[in-house]
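Some notes on the structure that comes next.
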Amino acid sequence: MTGWDNINALKDQLQEHPLLGDPSRILLLVFHGSMATPEQLRASTMELI
């Protein structure tokens with residue numbers, strides 16, 4: 001998915017999911033080329049499992 005609207009739509013769907021949408025269990029980060037560089041760097045330094 002390359003479009004920002006598509007990414008946000010998927011994020012919204014995932015956040016509505018009973019397991020994947022639980023912020024105490026899952027940290028959902030979105031990336032896109034139009035994001036500011038500091039935001040991308042902050043998110044990319046986190047460990048993803």
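For the sequence shown, UniProt numbering gives the first residue as 1, with consecutive numbering after it.
Backbone N, C-alpha and C define an ideal beta-carbon position, used for all residues, glycine too.
Source: prediction; values computed, not measured.
Considering just the uninterrupted stretch of the alpha helix (DSSP H) at residue i, what are its terminal residues?
i: Ile7; result: 4-16
Tell me the rounded alpha-carbon separation between residue i and residue j.
i: Glu16; j: His32; result: 21 Å
i: Leu10; j: Pro18; result: 15 Å
i: Ile49; j: Val30; result: With a pLDDT of 49 at Ile49, under the threshold of 50, the modelled position of that residue is not reliable, and no figure is offered here.
i: Met1; j: Ser34; result: Low confidence applies to Met1: its pLDDT is 48, below 50, so where it sits in the model is not reliable, and the reading given next is rough at best. Their backbone Cα atoms lie some 14 Å apart in a straight line.
Excluding the five sequence neighbours on either side, which residues of its own chain have a C-beta within less than 6 Å of the C-beta of residue i, listed in chain order?
i: Pro23; result: none
Which same chain residues end up closer than 8 Å to residue i when comparing Cβ atoms and leaving out the 5 residues on each side of it in sequence?
i: Leu20; result: Leu14, Ile26, Leu28
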